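Enquirer: Once you've had a glance at the structure underneath, I'll fire off some questions.
There are 2 protein chains.
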Amino acid sequence: MIKRMFIPGPVNLCENTRNSLSKQMIGHRSEDFSKLYREVTGNLRKIMFTDNRIFLSTSSGSGLMEAATRNLVQNKSLHLVNGAFSEKWFKIAKANGKKAEKLEYDWGLGIKAGDVEEQLSKEKFDAVFLTHNETSTGAMNKLEKIAKIVQDFPETMFCVDAVSSLGGVKIETDKLGIDVLLASSQKCLAIPPGLAMASVSDRAIKRASETKNRGHYFDFTEFAKYDKKAQTPSTPAIPQIYALNHKLNEILDEGLEQRFERHWEMAKLVQGWAEEEWALFAEPGYESLTVTAVENNKGLDVSELISKLEKEGFLIGNGYGKLAGRTFRIAHMGDTSLNDVNELLETINEIVEAMN
Amino acid sequence: MIKRMFIPGPVNLCENTRNSLSKQMIGHRSEDFSKLYREVTGNLRKIMFTDNRIFLSTSSGSGLMEAATRNLVQNKSLHLVNGAFSEKWFKIAKANGKKAEKLEYDWGLGIKAGDVEEQLSKEKFDAVFLTHNETSTGAMNKLEKIAKIVQDFPETMFCVDAVSSLGGVKIETDKLGIDVLLASSQKCLAIPPGLAMASVSDRAIKRASETKNRGHYFDFTEFAKYDKKAQTPSTPAIPQIYALNHKLNEILDEGLEQRFERHWEMAKLVQGWAEEEWALFAEPGYESLTVTAVENNKGLDVSELISKLEKEGFLIGNGYGKLAGRTFRIAHMGDTSLNDVNELLETINEIVEAMN
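Protein chains in written order, with our numbering: chain Y, 1 to 356; chain P, 1001 to 1356.
Structure (structure tokens):
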């Protein structure tokens, strides 16, 4: 049975995307590849609202999280932490021997711009790291507000993990002064995992060139060097680039505003239902537009709910880490439609009724 | 026109491999995934002749080259350098702030076991890094001889890059005491790029756990932790894992000895032809079984030869880096058959005759 995926990535692939994966290989140093590279990075620029260089990394999003840390932090970084993935970024910094500090909130809460301002005013940081959308808690941070603050500190780079929001939510990279915007393939962009992408500002590339011990595989200056030839430094995941090319054209055909609107409508539908039947885990005002964490205020056996749903052909996510059992997560991203969401919610209602 | 690829990766995909890429996604934390993971790593163990743990890295082979350096080198490493990729490994070590030394040969020559012994007897190294098959020069190192030397230095880890040999040549990992054997997907294994794999010994994992500043994305201890659950630490390149699973079963059906024999026969065919019509670039006795670098002793315009061949539907590689124009490279790996090779060589002969 083909399962309909409402886990927060990987998401279902449409038939055309699946077909695009199975095209014959080309050489990654060929003009055919460069043509593909230019088309993909050009379209990513539109979706990221940027004129910056775009790097395609054969890795998960975590790889580019490590990249941002290794390339940009010479002295000290500030991590805005309100869930598992922002905490992970902090740990990645530590694992790379960086001096990193946390501005920390309880899981589910949103980062407050005023606190960021206070922290940045107190001491100098090389970079601020923000997880736009905390996939672990269903909390989406107020990117514009935080960006406005960080822009007042021109020596501080602004790095944003948009792994689970890019392509579902408008992110105006250049307007917000984002130096590194990173994302991965298997969430709102609705292609398979295996490829991550980042827009990187010229000043971030310059900073990288002056940063010691930045390694090789994720070295921004290597990416920049090969980008000039419309190539990647290492042999890339060609099937995912084929799929991304197909999907970006489809996204631009759908229309970016329409796509963002569809994601907004799905979020409102799921969150309206969750508020009526359960409760939302995220702090009010910070509900994510791409994934909802539903608080299990009925004391239901979440694992049982998930396995019963799976038998009906729907996959949802348990709460992340310490939130397992306390919450469950419904992703509403990628190619998912309002109809799909409606069918899922009805099925959950039926199963829950039978479980009571 | 579908081009027949004789470049040293990516190689052509057979139809079944292409179809396997386009399967629907599954969750990477699901039992379905773990089942796939166990099958793939189990079969890789057979092809690598090892009982060690197998890690699947969503990266190119270069990523795992960086991994080996970051995880295993605490004080100093020895790099056996005889071409572009072994030189690259040395540079990767330097880019990660490691103290690394080179035992260096002119490009095209093979590493001599006696020199390795001399070097290891003089000072203590945490690890020795060997590129089994130098894709840049068509020289294949004598792995058994070097392994025998390194095994006499039990505190020194032995790391082997088999990117362009695994699956085409027998490598008895455990018998040779190889602590890290790394390879990538798009060469002899004949699936698309985007996935690298390594067998890693228990003592290498233990060493990693004691090595500082090893980062996150390529941290062997993270791979080991998730391997116990039959998962990868980061979201993996699922299409490539589908393809690898298909291809490994096909390889084992073909029979490993038969596959190695076919690679041997293709190498003999190409090298016999090259010796008759041109000359071989590699030192005699070190000719690679998977890729041949032909010395352009006719003073021909190699770029012109390559572009004329491409019009006939064949892709070969120019010489690597500083060898461009001086050599050209023919890969004979993956699913390529003796017939394919014969057709290529005849076409080259015809083009060269017309160019004279």
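Beta carbons: idealized from backbone N, C-alpha and C, even for Gly.
Treat the numbers as computed from the prediction; the structure is a model and nothing was measured.
Checking 8 Å against the spacing of the C-beta atoms, do P:G1317 and P:C1188 come in under that value?
Expert: Their beta carbons are not under 8 Å apart, which means P:G1317 does not touch P:C1188 by this criterion.
Enquirer: Shortest alpha-carbon distance to P:S1136 belongs to which of P:L1323, P:E1343, P:S1209, P:K1311?
Expert: Comparing Cα positions, the closest option is P:L1323.
Enquirer: Can you find a CB in chain A that lies within less than 8 Å of the CB of P:L1072?
Expert: Absent here is chain A; the protein component of the structure consists of chains Y and P.
Enquirer: What alpha helix (DSSP H) runs, 4 residues minimum, are completely inside the region 1098-1168 of chain P?
Expert: Runs of the alpha helix (DSSP H) inside the region 1098-1168 of chain P: 1113-1122, 1143-1150.
Enquirer: State the Cα-Cα distance for the pair Y:I2 and Y:G313, rounded to the nearest angstrom.
Expert: Spanning the two alpha carbons is a distance of roughly 7 Å.
Enquirer: Compare the beta carbon distance of P:I1149 and P:L1130 with 8 Å and say whether it is the shorter of the two.
Expert: Not closer than 8 Å, so no.
Enquirer: Specify the secondary structure class of P:I1054 as computed by DSSP and reduced to three states.
Expert: Strand.
Enquirer: Where do the N-terminal and C-terminal ends of the beta strand (DSSP E) with P:S1184 fall, by residue?
Expert: Start and end: 1180-1184.
Enquirer: Can you pull the chain Y residues whose beta carbon is under 9 Å from the beta carbon of P:V1011, in chain order?
Expert: Ordered by position in chain Y, the residues that pass the 9 Å Cβ test against P:V1011 are M25.
Enquirer: Does the CB of Y:T367 have a neighbour CB from chain P at under 8 Å?
Expert: Nothing can be reported for residue 367 of chain Y: it is not among the residues displayed for chain Y, which extend from 1 to 356.
Enquirer: Hey, how far is the Cα of Y:M140 from the Cα of Y:G110?
Expert: Their backbone Cα atoms lie some 7 Å apart in a straight line.
Enquirer: Please compile the residues from chain Y whose C-beta is within a distance smaller than 7 Å of the C-beta of P:N1356.
Expert: None at all; the shortest Cβ gap to chain Y is about 27 Å.
Enquirer: When the cut-off is 8 Å and only beta carbons count, does Y:E66 lie next to chain P?
Expert: Output row for Y:E66: interface = yes.
Enquirer: Roughly how far, in whole angstroms, is the beta-carbon of P:V1160 from the beta-carbon of P:F1055, given that I think they are within contact range, below 8 Å?
Expert: Not confirmed; about 15 Å, so no contact.
Enquirer: For the candidate residues P:N1096, P:T1041, P:R1029, whose alpha-carbon lies nearest to that of Y:K212?
Expert: Closest by alpha carbon: P:N1096.
Enquirer: Going along chain Y in order, which residues have a C-beta closer than 8 Å to the C-beta of P:A1095?
Expert: Result: N213, R214, G215, H216, D219.
Enquirer: Give the interface partners of P:S1062 over in chain Y, defined as CB-CB distance under 9 Å, in chain order.
Expert: In chain order: H216, Y217, P233, S234, T235.
Enquirer: Could you tell me whether the Cβ atoms of P:F1281 and P:E1265 are closer together than 8 Å?
Expert: No. Outside cutoff.
Enquirer: Mind checking whether Y:Y37 and P:G1063 have CB atoms under 8 Å apart?
Expert: Contact: no.
Enquirer: How many Å lie between P:V1169 and Y:A190 at the Cα?
Expert: P:V1169 and Y:A190: Cα-Cα distance of roughly 38 Å.
Enquirer: In angstroms, rounded to a whole number, what distance separates the CA positions of P:Q1119 and P:E1104?
Expert: Each residue's Cα considered, the two are about 11 Å apart.
Enquirer: In terms of residue numbering, what span does the alpha helix (DSSP H) encompassing P:E1310 cover?
Expert: Looking at the DSSP string, the run of the alpha helix (DSSP H) that includes P:E1310 is 1302-1311.
Enquirer: With contact counted as at least three CB pairs below 8 Å, one residue from each stretch, are the region 1004-1011 of chain P and the region 337-355 of chain Y in contact?
Expert: No, because fewer than three Cβ pairs between the region 1004-1011 of chain P and the region 337-355 of chain Y fall closer than 8 Å, the two stretches do not touch.
Enquirer: In angstroms, rounded to a whole number, what distance separates the CA positions of Y:G319 and P:R1045?
Expert: Computed Cα separation, rounded: 35 Å.
Enquirer: May I ask you to list, following chain order, the residues of the region 1313-1343 of chain P that have a beta carbon less than 7 Å from some beta carbon of chain Y?
Expert: Listed by position, the residues of the region 1313-1343 of chain P near chain Y (Cβ gap below 7 Å) are L1315.
Enquirer: So which of P:K1206, P:H1028, P:K1035 has the shortest CA-CA distance to P:N1052?
Expert: If we check each option's Cα against that of P:N1052, P:K1206 comes out closest.
Enquirer: Look at the alpha carbon of P:N1133 and the alpha carbon of Y:L195, and state the distance between them as a whole number of angstroms.
Expert: Cα to Cα, P:N1133 sits roughly 27 Å from Y:L195.
Enquirer: Rounded to the nearest angstrom, what separates Y:K35 and Y:S184 at their Cα positions?
Expert: Approximately 21 Å between the Cα atoms of the pair.
Enquirer: Excluding the 5 residues flanking P:K1099 on each side, which residues of the same chain have their C-beta closer than 6 Å to its C-beta?
Expert: For P:K1099, where only same-chain residues beyond five positions count, the Cβ hits under 6 Å are K1076.
Enquirer: Can you tell which of P:G1138, P:P1154, P:I1092 has its C-alpha closest to the C-alpha of P:E1117?
Expert: Ranking the options by Cα distance to P:E1117, first place goes to P:P1154.
Enquirer: Starting from Y:G317, follow its DSSP beta bridges and name the residues at the other end.
Expert: Answer is Y:R329, bridged to Y:G317.
Enquirer: Given this structure, state the Cα-to-Cα distance separating Y:T235 from P:S1059, to the nearest angstrom.
Expert: Their backbone Cα atoms lie some 9 Å apart in a straight line.
Enquirer: Would you say Y:S86 and Y:A198 are within 8 Å of each other, going by their C-beta atoms?
Expert: No, they are not a contact pair.
Enquirer: Would you say P:S1022 reaches chain Y, if we count a Cβ-Cβ gap shorter than 8 Å as a contact?
Expert: Yes, P:S1022 lies at the interface with chain Y (some Cβ there is under 8 Å from its Cβ).
Enquirer: What does a CB cutoff of less than 7 Å around Y:D20 pick up in its chain, not counting 5 residues either side in sequence?
Expert: It should be pointed out that residue 20 of chain Y corresponds to Ser in this sequence rather than to Asp. Hits under 7 Å: Y242, A243, H246.
Enquirer: Quick one, which of P:K1268, P:P1193, P:I1178 has its alpha-carbon nearest P:P1239's?
Expert: Comparing Cα-Cα distances from P:P1239 to each of P:K1268, P:P1193, P:I1178, the minimum goes to P:P1193.
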